[in-house]
Amino acid sequence: MKRRWFLAMILPIGLTALLLARRSRSRPSRLSGAFETQVLISPDTPANHALYTAVSQSDVVGVQHAFANGASANATLSWKMEGVPPEQQQAPSPFILLVQPQQSDESDKPQAIAIFREFLAHHLDIHATSAEGICALHIATRLGDLDLVKEVLARGADINAPSQLGGTPLQIAMMPTLRDKEGPEVPLIQFLLESGANPNSISPANGTTPLMQAALMNHPKTVALLLEHGADPALVNQSSRSRTSRTFTALELAQSAGSEEVVRLLRATHPNMTAFEAAVSGAPTVLKKHLDSGTSPNSRDKNGSPLLFLAAQSGSAEAVQLLLERGADPSAATQPPHFEGFPPEPGTRGSTPLHTAAAHGFVAVMQLLIAHKADLDALAGRADSPETALTKAVQANEAAAVKLLLEHGAKVGDALERCVQSKGQMPLRRRGESPTKRRSKDVIQEQQEQIYTLLMAQTKDAESQGKALCTALDMGELGLAEDLLKRGADVNVRGRDEKTPLFSLIHYLGLTRYSLSEMHKQQPIVAPTAPEALVFLEQLLAHKPDLSVTLPPEQDWKGGTALAYARYFKLPAVVERLQKAGLKR
1 MKRRWFLAMI LPIGLTALLL ARRSRSRPSR LSGAFETQVL ISPDTPANHA
51 LYTAVSQSDV VGVQHAFANG ASANATLSWK MEGVPPEQQQ APSPFILLVQ
101 PQQSDESDKP QAIAIFREFL AHHLDIHATS AEGICALHIA TRLGDLDLVK
151 EVLARGADIN APSQLGGTPL QIAMMPTLRD KEGPEVPLIQ FLLESGANPN
201 SISPANGTTP LMQAALMNHP KTVALLLEHG ADPALVNQSS RSRTSRTFTA
251 LELAQSAGSE EVVRLLRATH PNMTAFEAAV SGAPTVLKKH LDSGTSPNSR
301 DKNGSPLLFL AAQSGSAEAV QLLLERGADP SAATQPPHFE GFPPEPGTRG
351 STPLHTAAAH GFVAVMQLLI AHKADLDALA GRADSPETAL TKAVQANEAA
401 AVKLLLEHGA KVGDALERCV QSKGQMPLRR RGESPTKRRS KDVIQEQQEQ
451 IYTLLMAQTK DAESQGKALC TALDMGELGL AEDLLKRGAD VNVRGRDEKT
501 PLFSLIHYLG LTRYSLSEMH KQQPIVAPTA PEALVFLEQL LAHKPDLSVT
551 LPPEQDWKGG TALAYARYFK LPAVVERLQK AGLKR
């Protein structure tokens, strides 16, 4: 049975699973194989059972027939779970909660609206709610029909009716905007606001307000409406699911979404913006006022982040230039990352403005920082895996940032290895990039190729190339591995986990064999279905790797030579080839 996600959101989890499993009859059924569960319809009449079936199938005629035969618009649905105490059983939910489009494309929304009208025509109690507070107005709002919402409100529904799952009707009206679809819902949002909907209601799901939602999804029309009706742009989200959770204002969310129009609208509402808010928002005019009034360009916020770091993170070259001209330290780092209430791990370092600018591809900001002698090779992060601005840019697939850093003499370090490691992977969304409009895979792959070429032009030593070779083989990137081998990569170097290229290749072959046999529940594969890897084995052996090298013991691996490693992974073709090469044990 096809269904929309909203049904799962508004109904209790257990009830939803049950309804989706059994939509036609109320005889006993199994739920997840754990408990004997029975659907209960009240009043328990044939007409109400027929109504339940018709609603579940978006059958308008069936609904009409059910009402004609005496069905109640206020019937409820619940279930009885064997072995569960009465106080833990789910409370009944009104049938009206089932009135939702059932098709994934919502092509049957007109039928759902027609069914809702049938309920209204048959004395629907618009005040009836589920245990979570969902009522008829929430459903009408979800259907997006303005006339339907007006009729429900005219009957006395609470326009700010709260619910534990979906929030208020206004927040439910905002939901289509979360799918990057601003348009048809704007008149409904406007009507709700004009009718007294609270523009500052807090979502129980993530602690955001409607303004934050609209700002994040880059919807200027909705933002303007909300501001016009009293939405408070200074509010921060109330959710804090972990000790490291940050809070954000609508302006900060708009900045992260890269919406210039929304940012402009929100900035106009912040006449008392602090210096830190101005830096985060990339507002140089406001920032200048604070600096002129005596604010130090090297000030830090409550989290220990320098003004310059915040400005660099915003991508505003004007704000960065202003701070640098006023004497901001171009290499001042943030506080080392750590859990609230606990000190940073020994050796952990904070990030500099250049780190964050490189990670986001803000080349203009990077140029300003470099011109003011920012430390190109400053380390950030954990002591066992520190990162430079170059590695940040590499992992974010920002080719222009990589090129700029290399041109100014940044040390390559392990950037080549990290480049190989990120090959084929989608990076995190860059700042200013809409969540629904990210760079395509083709663009990212092109960036990765450019970065690889740039780094190879700067990486001449065989050791660095050898470590990158180990990483490529661990990941099964045989094309990259072949290129590195041809360029003279050291075939005896040990990678981060002490494996040489030969061990890395065997490890890849072993994992391929294991994954395929597990995935398809087949008999163990005698030889991996990766003939190209066996071809590469010949190429690798032709470069005369040291076959006497052993791998230290770890976990269930007892240590030994490459031959023992191949036997451990049950790779007979590799075992035979290594024996032919002269390995005996």
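Position one of the sequence shown corresponds to residue 1 (UniProt numbering), numbered consecutively onward.
Think of the CB as a built atom: it goes at the ideal place given N, C-alpha and C, for glycine as much as any other residue.
Considering only residues of the stretch 201-289, which uninterrupted alpha helix (DSSP H) runs meet the minimum length of 4 residues and lie entirely inside it, listed in chain order? 210-216, 220-228, 250-257, 260-267 and 275-281
Indicate the three-state DSSP secondary structure (helix, strand or coil) for Ala317 in the structure shown. helix
If you draw a straight line from the alpha carbon of Ala312 to that of Lys288, how long is it in whole angstroms? 15 angstroms
Gly381, DSSP secondary structure in three states: strand
Using three-state DSSP, classify Ile189 as helix, strand or coil. helix
Return the chain-ordered list of same chain residues with a C-beta closer than 7 angstroms to the C-beta of Ala47, the five sequence neighbours on each side being excluded. Ala66, Asn69, Gly70 and Ala71
Which one of Ser163, Gly144 and Ile139 has the shortest CA to CA distance from Val131? First, the amino acid is wrong: residue 131 is Ala here, not Val. Ranking Ser163, Gly144 and Ile139 by Cα distance to Ala131 puts Ser163 first.
Alpha carbon to alpha carbon, what distance is there between Gln190 and Asp147? 13 angstroms
Could you please give me the residues that DSSP links to residue 629 through a beta bridge? This structure cannot settle anything about residue 629, because the visible part of the chain is limited to 1 through 585.
Please look up how many angstroms separate the CB atoms of Leu469 and Ala489, rounded, as I've assumed it's under 8 angstroms. 4 angstroms
Assumed close pair Ala374, Leu390 - CB separation to whole angstroms, cut-off 8 angstroms: At roughly 13 angstroms, the Cβ-Cβ gap does not stay under 8 angstroms, so Ala374 and Leu390 are not in contact.
When you compare each of Tyr568, Thr352 and Leu310 to Glu387 by their alpha carbons, which one comes out closest? Thr352
Helix, strand or coil for Gly510? Go by DSSP, reduced to three states. helix
Closest by CA to Val320, which one among His355, Pro346, Ala333 and Ala364? Ala364
Alpha-carbon spacing of Gly83 relative to Ile506, whole angstroms: 52 angstroms
Does the beta-carbon distance from residue 586 to Asn397 come in below 9 angstroms? Because the chain spans 1 through 585 in this model, residue 586 falls outside it and cannot be assessed.
Range covered by the alpha helix (DSSP H) that runs through Glu417: Ala415 to Gln421
Strand pairing of Ser93, partner residues [DSSP]: Leu77
Considering only the alpha carbon of each residue, which of Gly347, His360 and Leu540 lies closest to Leu379? Gly347
Opposite Glu554 in the DSSP bridges: which residues? Trp557
Using the Cβ count rule (16 or more neighbours within 10 Å means buried), how would you classify Trp79? buried
Backbone CA spacing between Glu260 and Ala410 [nearest angstrom]: 33 angstroms
Give a yes or no on whether the C-beta atoms belonging to Gln421 and Met475 are separated by under 9 angstroms. yes
CA-CA distance, residue 613 and Leu77? The first residue shown for the chain is 1 and the last is 585, placing residue 613 beyond what the model contains.
Just how far apart, CA to CA, sit Lys467 and Thr274? 47 angstroms
Can you check whether the C-beta of His290 is within less than 9 angstroms of a C-beta belonging to chain C? Here there is only one protein chain, and chain C is not present.
Put Pro306 into one of helix, strand or coil per three-state DSSP. strand
Identify every residue that forms a DSSP beta bridge with Arg496. Answer is none; Arg496 lacks a bridge partner.
Buried or exposed for Val443, going by 16 or more other Cβ atoms inside 10 Å? exposed
What is the DSSP secondary structure of Glu398, reduced to helix, strand or coil? coil
Count the other CB atoms within 10 Å of the CB of His408; is the residue buried (16 or more) or exposed (fewer)? exposed
On a Cα-Cα basis, can you pick out the residue from Ile134, Gly144, Ser104 and Ile96 that is closest to His123? Ile96
Arg142 - containing alpha helix (DSSP H), residue span: Ala136 to Leu143
Which parts of the stretch 444-500 are runs of the alpha helix (DSSP H), unbroken and 4 residues or longer, counting only runs that do not cross its ends? 462-474 and 478-486
What number of angstroms, rounded off, separates the C-alpha of Leu541 from the C-alpha of Pro572? 17 angstroms
Cut-off 8 angstroms between Cβ atoms - residues of its own chain near Leu376, not counting five sequence neighbours on either side: Leu354, Ile370, Thr388, Ala389, Leu390, Leu405, His408, Gly409, Ala410 and Lys411
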